[in-house]
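Novice: Read in order, the letters of the sequence shown are residues 38 to 380 in the working numbering.
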Amino acid sequence: MNRRVPKTVWRLLLVLAASIGVLALSGCGEDEKDQEKTSLRIGVSLYKGDDTFINNIRMELEHAAKSYEQSGGIKVSLDIQDAKGSQNTQNIQVERFISLGCDVLCINPVDRTAASVIIDKAMAAGIPVVFFNRQPVEEDMDRWDQLYYVGAVARESAVLQGSIVASRYQEDPASLDLNGDGVVSYVLLEGESSHQDSLIRTEWSIRTLKDSGVPIEKITGGIANWERSQASALMEQWLGQYPDTIELVICNNDDMALGAIDALERAGITDVKLVGIDATVPGLEAVRTGKLMGTVSADKERYAKAIFAIAASKALGREIPEDIPLEDGKYFWCPQEIIKENP
Ligand code: GAL
Numbered sequence: 038m039n040r041r042v043p044k045t046v047w048r049l050l051l052v053l054a055a056s057i058g059v060l061a062l063s064g065c066g067e068d069e070k071d072q073e074k075t076s077l078r079i080g081v082s083l084y085k086g087d088d089t090f091i092n093n094i095r096m097e098l099e100h101a102a103k104s105y106e107q108s109g110g111i112k113v114s115l116d117i118q119d120a121k122g123s124q125n126t127q128n129i130q131v132e133r134f135i136s137l138g139c140d141v142l143c144i145n146p147v148d149r150t151a152a153s154v155i156i157d158k159a160m161a162a163g164i165p166v167v168f169f170n171r172q173p174v175e176e177d178m179d180r181w182d183q184l185y186y187v188g189a190v191a192r193e194s195a196v197l198q199g200s201i202v203a204s205r206y207q208e209d210p211a212s213l214d215l216n217g218d219g220v221v222s223y224v225l226l227e228g229e230s231s232h233q234d235s236l237i238r239t240e241w242s243i244r245t246l247k248d249s250g251v252p253i254e255k256i257t258g259g260i261a262n263w264e265r266s267q268a269s270a271l272m273e274q275w276l277g278q279y280p281d282t283i284e285l286v287i288c289n290n291d292d293m294a295l296g297a298i299d300a301l302e303r304a305g306i307t308d309v310k311l312v313g314i315d316a317t318v319p320g321l322e323a324v325r326t327g328k329l330m331g332t333v334s335a336d337k338e339r340y341a342k343a344i345f346a347i348a349a350s351k352a353l354g355r356e357i358p359e360d361i362p363l364e365d366g367k368y369f370w371c372p373q374e375i376i377k378e379n380p
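1) Just list the beta strand (DSSP E) runs in the stretch 315–360, keeping only unbroken ones of 3 residues or longer that don't cross its boundaries, in chain order.
2) Expressed to the nearest angstrom, what Euclidean distance is found between the alpha-carbon atoms of residue 252 and residue 198?
3) Run the proximity test for residue 177: is its beta-carbon closer than 7 Å to any non-hydrogen atom belonging to the ligand GAL?
4) On the premise that residue 291 lies in contact with residue 306, defined as a C-beta separation below 8 Å, what is that separation, rounded to the nearest angstrom?
5) State the CB to CB distance for the pair residue 141 and residue 117, rounded to an integer number of angstroms; the pair is presumed to be in contact (CB under 8 Å).
6) Rounded C-beta distance between residue 220 and residue 206? I'm assuming under 8 Å.
7) What's the gap between the Cα of residue 288 and the Cα of residue 232?
8) What are the boundary residues of the alpha helix (DSSP H) that includes residue 149?
9) From residue 319 to residue 146, what distance separates their C-alpha atoms?
10) To test your reading of the DSSP string, which unbroken beta strand (DSSP E) runs of 3 or more residues are found completely within the stretch 163–230?
11) Of all the options 234, 363, 121, which has the alpha carbon lying nearest to the alpha carbon of residue 170?
12) Helix, strand or coil, according to DSSP, for residue 77 in the structure here?
13) Are the stretch 176–194 and the stretch 99–117 touching, with three or more C-beta to C-beta distances below 8 Å?
14) Going residue by residue through the stretch 281–318, where are the continuous alpha helix (DSSP H) segments of at least 4 residues, counting only ones entirely within it?
15) Under the rule that 16 or more other beta-carbon atoms within 10 Å means buried, what is residue 262, buried or exposed?
16) Based on Cα-Cα distance, which residue from 109, 268, 157 lies nearest to residue 448?
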């Protein structure tokens, strides 16, 4: 029997094998390309986990991740770490996130002027970063097109805060000018000096009052670093130094307003007016019970949803949704509104 395979058959076999190979290869490639990720790993580092406002954002971020998981069928692992006020700790957390293979980082920087260290690490690993609440300087934000920022416009918070006081004064001047001397004497509680919000909020709140024609006079002011206990100590000291003089306490955030309220309550004073910013859960409760004249709310659900939506889109290589409008392709500014007693 002639066992030789004719040349034409060999050729046919070769062509067939090659075609199968090409098909198999291209098929595999397509599969990989089309294969959507089924899970996301997001590393989140908070500048300080016990900050009330940041805690409220954290809760909303967890909600956003849960509802995304439930509606989208994509498993989300949100690894949230507390840097406890140490930039060094935060840098180590970022390294760990990278080594764990996180798809994206959400960073609330401890020192907003030192974001370049985190940016270097993220760029080297090719991992996008969504910064929030503590705004890195522009030169840093401009270093890479995979850097985003979510926050609230500080000037807007302050103008809204000032207008709470201004409209109260216009309705009832005597409720602010307690001694009837024609001026509202105020003290000012400020946040961290290195935070973009502190200086801008202070400046624009006062400017708004002046522009609205409220006669004001500053007694004193001090830095309480956003903290209730520090604000309470300062307020106690001022009440001792300036007895029966303080009529208004302007606070860069709600927690410091709550600290001032603590000191006023200890001294048995109930007629001094206070305004805050943040609309945290305890801040809103103080407005409801009439202890705080008003506060300014950045919609925390929207704030956290924006952080999450940008992060998830980046991790999946998708476009950022249109309902998250970005200024300059990287900044999302959360809408804000006034919350006051008897609106
Ligand atoms: C501010 C907020 C403060 C504090 C601070 C932390 O925007 O009003 O309460 O949370 O951020 O960075």
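Where is the CB? At the ideal position from N, CA and C, for every residue including glycine.
Specialist: So, to answer that:
1) 331–335
2) 16 Å
3) no
4) Not quite, the Cβ-Cβ distance comes to about 19 Å (not below 8 Å), so this is no contact.
5) About 14 Å; that fails the 8 Å criterion.
6) Going by Cβ atoms, the distance from residue 220 to residue 206 rounds to 11 Å, so no, they are not a contact pair.
7) 14 Å
8) Taken as a continuous stretch (DSSP letters only), residue 149 belongs to no alpha helix (DSSP H), as it is neither H nor E.
9) 24 Å
10) 166–169, 184–188, 221–227
11) 234
12) strand
13) no
14) 291–303
15) buried
16) Since the first residue of the chain shown is 38 and the last is 380, residue 448 is not available in this structure.
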